[in-house]
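The structure under discussion appears below in the form of structure tokens.
Numbering (this note's numbering), first residue to last: 251 to 468.
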């Protein structure tokens, strides 16, 4: 029997590519829109593209922020992708200062070129990930994935966790930035696994393998 996983639809991204990739990894996928549905799943994914503030506004209006926090506190599996990863953090400096879910202490900051540097923003395309040798959860998240593998990015802001031990991978774009985190049941990646070919599929397979069965009854 395939594992049941819910993807949260809050109007901030193309869900089909994530859903299709998960199905290739052997998961049964439900798209959910209401906070009350989250409790029925042992594994959820928060994807997203776009701006931080509008995303947080939607999550708060639909009470999805509270439901996501409760899910994580109950030690159920969670994966945040791109904007869904950034929303985990305390605050973002995108177009001002805005509060995030504050599940992971830290900030979301913009890429700023060094003096006399021509820095392309957004950081878009394929780039390497350097896998942490100290993070305790990284072996589960990156099982079967080689160090310095290439994955696909599209973003102008990067996450800066206060606790460096949470960092699962780093990537270089002018600076070495946190490109994913792994904290027990909380996984998050700035890159798009659903667009990262076999490497991304392997990460999603690893996530599916950690997911417990759930009824998915709404």
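C-beta atoms are modelled at their ideal positions from N, C-alpha and C, and glycine is treated no differently. Source: prediction; values computed, not measured.
Excluding residues up to 5 positions away in sequence, 267, 268, 271 and 450 lie with their Cβ nearer than 7 Å to the Cβ of residue 444 in the same chain. Shown here, residue 442 sits in coil according to DSSP, grouped into three states, outside any helix or strand. Taking all protein chains shown into account, residue 411 has 16 or more neighbouring C-beta atoms within 10 Å of its C-beta and is therefore buried. Residue 262 has its alpha-carbon roughly 20 Å from the corresponding atom of residue 436. Assignment of residue 312 by DSSP, reduced to helix, strand and coil, places it in the coil class.
Residue 354 places its beta carbon 9 Å or farther from that of residue 407. Comparing alpha carbon positions, the residue from 401, 423, 403 and 391 closest to residue 364 is 423. In this chain, the alpha helix (DSSP H) harbouring residue 390 covers 388-391. Residue 361: not part of any alpha helix (DSSP H); DSSP gives it neither H nor E. In the structure shown, residue 317 falls within a helical segment according to DSSP collapsed to helix, strand and coil.
Cβ contact annotation for residue 295 (same chain, cutoff 6 Å, sequence separation greater than five): 257 and 329, in chain order. Residue 331 counts as buried, since no fewer than 16 other beta carbons sit within 10 angstroms of its beta carbon.
Looking at the DSSP output, residue 410 shares a beta bridge with 357. Taking C-beta atoms as the reference points, residue 394 and residue 312 fail to come closer than 9 Å. In the displayed model, residue 324 falls within coil according to three-state DSSP, outside both helix and strand.
Rounded to the nearest angstrom, the gap between the Cα atoms of residue 430 and residue 336 is 10 Å. For residue 449, there is no enclosing beta strand (DSSP E); the enclosing alpha helix (DSSP H) covers residues 447-460.
In terms of Cβ geometry, residue 401 and residue 432 do not form a close pair [threshold 9 Å].
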